[in-house]
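A.B. asks:
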Amino acid sequence: MTETLLEIDDLHVAFDTRAGVVQAVRGVSLTVGRGETLGLVGESGSGKSVTAQAMMGLIDVPGRISGGTVRWCGTPLVGEGVRRAPRNIWGREITMIFQNPMTSLNPLMTIGAQLQEAVRLHLGLRGAAARTRAADLLNAVGISGAARRLDQYPHEFSGGMRQRVMIAMAIASEPRLLIADEPTTALDVTIQAQILELLAELQSQLGLSIILITHDLGIVAGLCHRVAVMYAGQIVETGAVDTMFEQPAHPYTQGLIRSTPLLDACDDRLVAIDGTPPGLLIPPAGCAFQPRCPVATAPCGVPQVLTPTGTGAVACCRAGIDAWKVGAA
Amino acid sequence: MGLPMMSFRPLRSFLSELWQDKAAAIGFAVMVLIVLMAVFAPVLAPEDPATQSLLQRLKPPVWDARGSWDHLLGTDNLGRDVLSRIIWGARTTLTIGIVTCVIAAMIGTTLGLWAGFMGGRTDSVLMRLVDIQVSFPGILLILLVVGVLGPGVWTLIAVLSVTNWMVYARLVRGIVSSTRQMPYVEAAEVIGCRPSRVIFVHLLPNLVSPLLTLLILEFTNIVLAEAAVSFLGFGVQPPDTSWGLDVASGRDYLFIAWWLVTFPGLAIVVTVLSINLFANWLRVTSDPEEREKRFARTIAAKRRRRRAT
Amino acid sequence: MSRHPTLSVSGLSVDYPLTSGGLFRPARTVNAVDGVTFDIAPGETLGLVGESGSGKTTVGRTILRRVPSSGGRIQFEGRDITDVDGAALRKLRARMQIVLQDPYTSLNPRMKIGDIVAEPLLVHGLAESSDAARHAVRQLLDRVGMPADAADRYPHSFSGGQRQRVGIARALALKPSLIVADEPVSALDVSVRAQVVNLMQDLQRELGISYLFIAHDLAIVRHISHRVAIMYAGRIVEIAPRNDLYDNPVHPYTEALLSAVPVANPKVQRARRRIVHTGDTVDIANPPSGCRFHPRCPLATDQCRQASPPLLVKAPGHLAACWNRGR
């Protein structure tokens, strides 16, 4: 096992709403090692984005951390007893990029000014040195004609180029961990391929760790070393990416993989997971997937704990059974 | 469509949510009191507001050494009871405010709907009309019209309506043109709904709560405008009463009878303030996201307090 | 009826206003769709694929006569509908319906599910009584797999997939022969997406509806379509039966698109030869000369820069617009 950078231990995040307390994240534990790419996969409402926000200290009213801790190299960042997170970790050691790059860029400042600001803040570079560094960053994310583009405004960049700029900003501080929350969801397929390629390059060049949050299994397959699958605020399965796709243990993971149409196969009917995820206002007592699970039995009514498997862990008492073989009906 | 069924439960949940915000609750309570005061003016007012009594001129309020229980807030230069004038003045003020707001909102909503729904050239022409009206100094127009038609309550209402409809037009036009882009409106049109059905079933219901909030806020503007115009002598004319008129007629006695200006002035301030407090709360309440945030903040504050004790 | 294609579009062009025309200046327009031609047979699904700015959504809207065309003809069930309007257009609407992308905004949040599904019946006077309407609504909701008590509830109490089912029920209410489905499953989660795709396929088999299935997700399109058309910058660059198109793409853009789709299989995905094109999405306000793909195309020649390639038959039923391929 490589050196652990980020460690999340039994994280709980709750949202106070007028209808009641929504438990969006219910006991998530994760670690990210140096140079590792972890895919955090889940559907909308599974708690994957909220988990990412908690790692960055971005949980704000109406949300709150209701339990657990997030540690960075052993230093607690978030959780019980942490009044103020240590400085210079968020935004410097850990940075984040989002789905919509437009909202994260200041429309009134040139790209160069924003990049130089980041460089000055994190590396203490000023003047010509800062500008050179900013141009280097643009080159690093594959934007040609960097010198000219530094003087342009965000609206002069296309969606894909803006996401490149965001990545440049995110690596300006030479971080060790990059959290990417659905970084390509708003982009076209061909542009998405370019951005994913770029992330893979940066990872190997800079030895960056990446947490990639996505709902697209194809993206995970191409980029990640390890995968954690979330469902209803909990991790239901983790493991190495190859094992996960070849022998998914949890019925939900199996269903997810089988319901994703492939480019080359076609005529078979898609496996559809009937029903919808449970509401988290009153979270189910036992396995959250039980009502939709084709192989659920009586013991599924009790809470499932993550049990180690060959390369990861799974939270299911029926793990390993091929849950969807009757699905072709 | 139609209004939600009125029963006690929504009323109770409305009140309990309002109670969480003390300032807004007080504002609302004062608003209700003022409305009740206006409605029951004939019963509440101890005297006729227009009855003069030269023997009782310029009596100070009851707590002053020279005051008496006959006139709680004293009397004016013609011996009229100040309290009664304030109670009756509420009637004039509220009538002018409500009628003006409704007329202005009707003009503004119609034009805003038209502009937002038609878009294109119609929209451009109507909105330029709004710009012109907005840039025209309101008070000048008021003085001009009053000068021609002569002062009076109905002139005042007409004039204030004409100078205050633009804000509704802008709001409605904005909401309609953005709601028009909503997929469900497109779906309705693809189904084959006629424009009238699209407007009344799919667009109008979105306007109810923002319009209501705006109406209440605008109401304070009208109260102030009415007071100002009446103060200038172009609005409500004696023997009718109005707070603005009272302030105006009291100003000559400012140094010998402070209560003549103070109490009607206070009435204006209290009304405007309480409406603003309530309207601010209402604005947040009609925005689902803001409403949730406010709720969560209350919860967080409670939790902190519990931890502190 | 079966002698005619359900829909036949020829040479369709659309100029879109780029800036809304002001009081004193005319609107600037861009050529969003340029000479699009295709047919859809009864009971057939044509997948229309493209990236943002390709004009695929505009094609759908123009067929539904929501956006005015600036050239070409649209024939529906053998009848020219290019210039139909007013009452005739409203009547036509009963035969061609739409399913929209975002299930969260495509249902009026203030209307009950039952009223939403009943609205088309009401508007076209198809239900004699409110009882008949209620009965029809119950059948429709049941057909799309919604619970029986759904009719009395509001959209917010349902999930995205369920709302999309309601949107489909609304479109089905008028028994249309064509449904334009504009990215109907892109906003849905993977596990729910399959439910809706399966439902759409079942309905087609049962009722013989034709679909124009607009999407950017190539895997889903292959799954549901009989034929697929690829659009780039307002033009169709390739159109073919689905297996021909996916297995033997002719146009370089189709190749690029197919190679860019991530495949949910780590070993395959890592081993894939990825044709990552440099260059950015096209700016349709200033389309390039000649073939609109030439600035990003590895095969581009002077001919491509100067003249726009026609859509020609490259194999039986397989058309592509490229000067360099499949001669």
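Protein chains in written order, with the numbering used here: chain A, 743 to 1071; chain B, 8 to 316; chain C, 33 to 359.
The C-beta atom is built at its ideal place from N, Cα and C for all residues, glycine as well.
Treat the numbers as computed from the prediction; the structure is a model and nothing was measured.
(1) Might you give, ordered along the chain, the residues of its own chain that have their beta carbon closer than 6 Å to the beta carbon of residue 813 (chain A), omitting 5 neighbours on each side?
(2) What does the alpha-carbon distance come out to for the pair residue 815 (chain A) and residue 909 (chain A)?
(3) Against residue 252 (chain C), what residues of chain A qualify as contacts under a CB-to-CB distance less than 7 Å, listed in chain order?
(4) Could you tell me whether the Cβ of residue 767 (chain A) comes closer than 8 Å to any Cβ of chain B?
(5) Going by DSSP, which residues form a beta bridge with residue 110 (chain C)?
(6) Under 8 Å, do residue 34 (chain B) and residue 62 (chain B) count as touching if we go by C-beta distance?
(7) Among A:982, A:987, A:801 and A:858, which one has its Cα closest to the Cα of residue 880 (chain A)?
(8) What are the boundary residues of the alpha helix (DSSP H) that residue 119 (chain B) is part of?
(9) Per DSSP, which one or two residues make a beta bridge with residue 880 (chain A)?
(10) Closer than 8 Å, CB to CB, is residue 759 (chain A) near chain B or not?
(11) At which residues does the beta strand (DSSP E) containing residue 298 (chain B) begin and terminate?
(12) For residue 750 (chain A), does the three-state DSSP call read helix, strand or coil?
(13) For chain A, is any of its Cβ atoms less than 8 Å away from the one on residue 349 (chain C)?
(14) I believe residue 347 (chain C) touches residue 276 (chain C) by the beta-carbon criterion, under 8 Å. Please report the beta-carbon distance rounded to the nearest angstrom.
(15) Kindly list, in the order they appear in chain B, the residues whose Cβ is closer than 8 Å to that of residue 175 (chain C).
(16) Name the chain B residues that come within less than 7 Å of residue 137 (chain C), Cβ to Cβ?
(17) Quick one: what's got a C-beta closer than 7 Å to residue 934 (chain A)'s C-beta in the same chain, skipping five residues either side?
(18) Can the beta-carbon of residue 974 (chain A) be found closer than 8 Å to that of residue 1019 (chain A)?
(19) What are the residues in the segment 919-934 of chain A lying within 8 Å of chain C by C-beta distance?
(20) Comparing alpha-carbon positions, which option in C:198, C:213 and C:248 lies nearest residue 928 (chain A)?
(21) Along chain A, which residues have their Cβ under 9 Å away from the Cβ of residue 299 (chain C)?
(22) Got a sec, what are the start and stop residues for the beta strand (DSSP E) residue 217 (chain C) sits in?
(23) Under 6 Å Cβ to Cβ from residue 773 (chain A), same chain only, skipping five residues before and after it: list those, please.
(24) Does residue 936 (chain A) pass the burial test, meaning 16 or more other C-beta atoms within 10 Å, or should it be called exposed?
(25) Alpha carbon to alpha carbon, what distance is there between residue 99 (chain C) and residue 244 (chain B)?
(26) Could you confirm whether any beta carbon from chain A is found closer than 8 Å to the beta carbon of residue 299 (chain B)?
(27) So, is residue 988 (chain A) buried or exposed, given that buried needs 16 or more other C-beta atoms within 10 angstroms?
(28) At which residue ranges does the segment 965-994 of chain A contain complete beta strand (DSSP E) runs of 3 or more residues, listed in the order of the chain?
(29) Using the Cα positions of residue 1059 (chain A) and residue 985 (chain A), report the straight-line distance between them to the nearest angstrom.
(30) For the segment 74-86 of chain B, list every residue whose C-beta sits within 7 Å of some C-beta in chain C, in sequence order.
(31) Taking the alpha carbon of residue 275 (chain B) as the reference point, which residue from B:94, B:153 and B:158 has its own alpha carbon closest?
(32) Residues of chain A with CB under 9 Å from residue 318 (chain C), in chain order?
(33) Using alpha carbons as the reference points, say which of B:232, B:189, B:155 and B:195 lies closest to residue 168 (chain B).
(34) Please go through the same chain and pick out, in chain order, the residues whose beta-carbon is closer than 7 Å to the beta-carbon of residue 1066 (chain A), but skip the five residues on each side of it.
(35) Return the CA-CA distance between residue 8 (chain B) and residue 24 (chain B), expressed in angstroms with no decimal places.
(36) In the DSSP assignment, what are the bridge partners of residue 813 (chain A)?
C.D. replies: Let me spell this out:
(1) If we look at residue 813 (chain A) and ignore the five residues flanking it on each side, its Cβ neighbours are 749.
(2) 23 Å
(3) 1003
(4) Look at residue 767 (chain A): its C-beta is not under 8 Å from any C-beta on chain B.
(5) Paired residue(s): none; residue 110 (chain C) is not in a bridge.
(6) Note that the C-beta distance between residue 34 (chain B) and residue 62 (chain B) is not below 8 Å.
(7) A:858
(8) 89-125
(9) The beta-bridge partner set that DSSP reports for residue 880 (chain A) is empty.
(10) Closer than 8 Å: yes.
(11) Not the beta strand (DSSP E): residue 298 (chain B) falls in the alpha helix (DSSP H), residues 295-315.
(12) strand
(13) Interface annotation, residue 349 (chain C): not in contact with chain A, CB-CB separation never under 8 Å.
(14) 7 Å
(15) Against residue 175 (chain C), chain B offers no close residue; the least beta-carbon distance is about 18 Å (beta-carbon pairs closer than 8 Å).
(16) 189, 190 and 191
(17) If we look at residue 934 (chain A) and ignore the five residues flanking it on each side, its Cβ neighbours are 926.
(18) Result yes, Cβ atoms of residue 974 (chain A) and residue 1019 (chain A) sit closer than 8 Å.
(19) Cβ proximity to chain C below 8 Å picks out 930, 931, 932, 933 and 934 from the segment 919-934 of chain A.
(20) C:248
(21) 963, 984, 987 and 988
(22) Run containing residue 217 (chain C): none; DSSP gives neither H nor E here.
(23) 746 and 749
(24) buried
(25) 58 Å
(26) Judged by the 8 Å Cβ criterion, residue 299 (chain B) is in contact with chain A.
(27) exposed
(28) 968-973 and 976-982
(29) In a straight line, the C-alpha of residue 1059 (chain A) is about 19 Å away from that of residue 985 (chain A).
(30) none
(31) B:94
(32) Residues of chain A passing the Cβ test: none, with the nearest at roughly 13 Å.
(33) Comparing Cα positions, the closest option is B:232.
(34) So the qualifying residues of the chain are 996, 997, 1000, 1013 and 1036.
(35) Below a pLDDT of 50, predicted positions are generally treated as unreliable, and residue 8 (chain B), at 36, falls in that range; the measurement from the model is reported next regardless. Straight-line Cα distance between these residues: approximately 26 Å.
(36) A:749 and A:818.
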